[in-house]
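Per my numbering, the very first residue in the sequence shown carries number 663; after that it's consecutive.
Everything below concerns the one structure shown next.
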Amino acid sequence: SVPAVFGVTTDPFIVFSSNIFAILGLRSVYAVLAEAIENLPYLQPAVAIILGFVGAKIGAEYFGFEIENLVSVRSSAVKNAPKAISCCAPVLSASPPTPSPFF
663 SVPAVFGVTT DPFIVFSSNI FAILGLRSVY AVLAEAIENL PYLQPAVAII LGFVGAKIGA
723 EYFGFEIENL VSVRSSAVKN APKAISCCAP VLSASPPTPS PFF
C-alpha cells in the first residue's frame, strides 16, 4: 500500500514503481487462478480455509491474544497444506468430484 511504502521512503519514484509492480504481480496471479479453478475443483474450498484461518488469526491479534513465532511457523504449514492437497487430490482421485453448490 502507498502508506506502507511512504513509511519506508519518501522517494516518489520508489513509491510509484513498487505499487505498479505489485498491481502487475497480482494481475498475473489472478489470471493463473482463473485458469486453475477450472482444472482444480478443490481450489476454492482450500482458499476458503486459508482465508478463514488468516481472518481468525488477525481477529485474535486484534482482541489482544499474543501470537508467538512458533504459531506463525505452524500457520505457514496450515496455509500451505490446503494448497498442496487441493492440487494433488484431483490427480490422485479416480473420479472427478461433483461440484459443490456452495462454490
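Beta carbons are placed, not taken as given, at the ideal position from N, Cα and C, and that holds for glycine.
Contact check, residue i vs residue j, beta carbons under 9 Å
i: K745; j: A696; result: no
i: S737; j: K719; result: yes
i: K741; j: I699; result: no
Inter-residue Cα distance where the pair is residue i and residue j
i: A743; j: C750; result: 11 Å
i: V677; j: L754; result: 45 Å
i: P674; j: L688; result: 21 Å
i: F683; j: T672; result: 18 Å
i: S679; j: Q706; result: 32 Å
i: V694; j: A710; result: 17 Å
i: N701; j: V716; result: 25 Å
i: Y724; j: P665; result: 20 Å
i: G726; j: S690; result: 36 Å
Whole-Å CB distance - residue i paired with residue j, under 8 Å assumed
i: V667; j: N681; result: 7 Å
i: P752; j: Y692; result: 21 Å between Cβ atoms; not a contact.
i: I729; j: A722; result: 7 Å
Query - alpha helix (DSSP H) runs wholly inside the region 692 to 735, at least 4 long, in chain order - result: 705 to 724
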